[in-house]
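Note that the working numbering has the sequence shown beginning at 18, numbered continuously upward.
Positions of the beta carbon are idealized from the N, C-alpha and C atoms, including for glycine.
Note that the structure is a prediction, hence the values are computed from the model and not measured.
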Amino acid sequence: MRYLTAGESHGPQLTAIIEGMPSNIRLTAEHIDTELRRRQQGYGRGRRMEIESDQVRIVGGVRHGKTTGAPIALVVENKDWNHWSQIMGAEPTDEPIKRAVTRPRPGHADLNGGLKYKQTDLRNILERSSARETTIRVACGAAARSLLQLFGIHIGSQVLRIGEVSAKRSALSVEELRQVTEQSPLRTADKDIEEAMMRHIDEVKAAGDSVGGLIEVIAEGVPVGLGSHVQWDRKLDGKIAQAVMSIQAFKGCEFGVGFDAARLRGSKVHDEIMHDSQSGFSRASNRAGGFEGGMTTGEPIVVRAVMKPIPTLYKPISSVDIETKQPFAAQIERSDSCAVPAAAVVMENVIAWELACAFLDKFGGDSYEEIERNYNNYLEQIRNY
Ligand code: EPS
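Here is the structure:
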C-alpha cells in the first residue's frame, strides 16, 4: 500500500491518493473526521485552528461505506483559502505578488528550500513544508486504522514532556489510556501535571518563544512477525522510525528502553523468553518495545519521539534577508506556540499506516476476507509451533 499527498497550507485543499487498500474494509468520512478532530485539539494551538474545522471528502475508492479495492482519493479543504485565493492561486497573474517572503526563519525549511528550488519568494517553500500537511497524512492513517481495527490492533498515545515539565508515564492499556488522554488538553495521562504544562506553555508564549516535547505511542494487538530481519529495508522498526522522523519538527525516535540502552547492562535490556502450553511463547518484560531483529515480537509496540520547539518565533533570533542580504531579527508570523498534543495524533496515525502496510505485506490479499483467511492460518501456525 502507498500514498502520495499534495497541497499547500493556504491553497484550496489537501489531497491524497491511497493505492493498494483491499476491498470490503468499512471506511467512512465520519471515522476519518474523528482523527482529524483529534489532531486539531490541544493546548498551545494558534488562531489558524479557529478558522479550520477539518473534514474529509472521500472522492474515490469507497462505495456505501466500504472500500472497493480501487485507489482511494481523499480531499480536505482549507477554509483559510478564502483569504488566500489571490495570493496562492494557480493561474498566472500580472498583479504584484502580495505577502512574498524573503526572510527565512531559522529552523524552518525556508532557506534550504529556497536555495535548492531557486525560489525568490520563500512562500513557495513554506507553504508545502508547513505542518498543515499532517492533516492529510492523518486522514491516510485513519484509513489504515480501519483495517487494523478489524484485526484487533489498537493505537494510543501520551505526552510525556512539554519543555521543562515532565509527566509520569502511564502503563495503562491503550483503551484505558485513550479514555484518560482524550479528556486532557495536553494529551497526557498525568492529571497532576496538566496545570504546570499549561502554565509553562503560557509563559513561553508570553516570552515570544515556543516549546517542544516528548510523545509516546503504543500499539497493541500486533501479531508476532511483521517486518523481517532478512533485508535492511524490510525492518519494520526502521520503517516506523522513518515515518515518525518525517513528521514536521520531529528530531529523534526510540523504541522500548531506547536511548537508555546505552547505559544499561544487557541483562536489564533484553526480555526473557517464557513458554506455557496454554498461551505459547511470551516475554517477562517488553523493554524492546515490541521489536527484535526488525520484526514484531507480539508484545505492544512502544515508540517515543521528540518534537522540537516550533521555529516560528516572536522573540528575535537572527537571520538574513535573501533579497537585501541584510540581517534582520525574526519576522512576526502567525503560529502555534506548542503543537505537541496535536503531533501525538499525527504520530499515532503515521505509525498506523506503517503497521497496516506491514500487515498487508505479510497477509496480503485483495479483499478483507482473503486477508482474514491468511491471518487465521498464520495464527494457527504460531499456535502449533
Ligand atoms: C504552521 C503554521 C500555522 C499552523 C499550521 C502549521 O498555520 P498558519 O501559518 O496558517 O497560521 O496553524 O498548522 C496547521 C494549519 C494545521 O492544520 O496543523 C507551520 O508553519 O507549520
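Between K256 and E371, the beta carbon gap of about 5 Å places them in contact (Cβ cut-off 8 Å). Within the segment 339-384, the runs of alpha helix (DSSP H) at least 4 residues long that lie entirely inside it are, in chain order, 357-380. Counting along the chain, S102 sits inside the alpha helix (DSSP H) bounded by residues W98 to M105. Beta-bridge partners assigned by DSSP to T32: A23 and V92. Counting along the chain, the unbroken beta strand (DSSP E) around D293 starts and ends at I290 to D293.
Taking a 10 Å sphere around the C-beta of V155, we find 16 or more other C-beta atoms and assign the residue as buried. Annotation for K133: the continuous alpha helix (DSSP H) segment containing it runs D127 to Y134. The DSSP-derived three-state label of Q175 is strand. Shortest Cα-Cα distance from V247 to any of I42, L128 and M312 involves M312. For the beta strand (DSSP E) assignment, the uninterrupted runs of no fewer than 3 residues enclosed by the segment 227-278 are, from N- to C-terminal side, 230-237 and 267-272.
Cβ contact annotation for V76 (same chain, cutoff 6 Å, sequence separation greater than five): A90 and V92, in chain order. Within a 10 Å sphere around the beta-carbon of I318 sit 16 or more other beta-carbons, which makes this residue buried. Distance from the C-beta of A161 to the nearest heavy atom of ligand 1 is not below 7 Å. Remark: the shortest separation between the CB of Q265 and any heavy atom of ligand 1 falls under 7 Å. Between G28 and A148, the alpha-carbon positions lie close to 13 Å from each other. Of the residues assessed, N394 falls on the exposed side of the cut-off, its CB having fewer than 16 other CB atoms within 10 angstroms.
Remark: the C-beta of R351 is in contact range of ligand 1, defined as less than 7 Å to any heavy atom.
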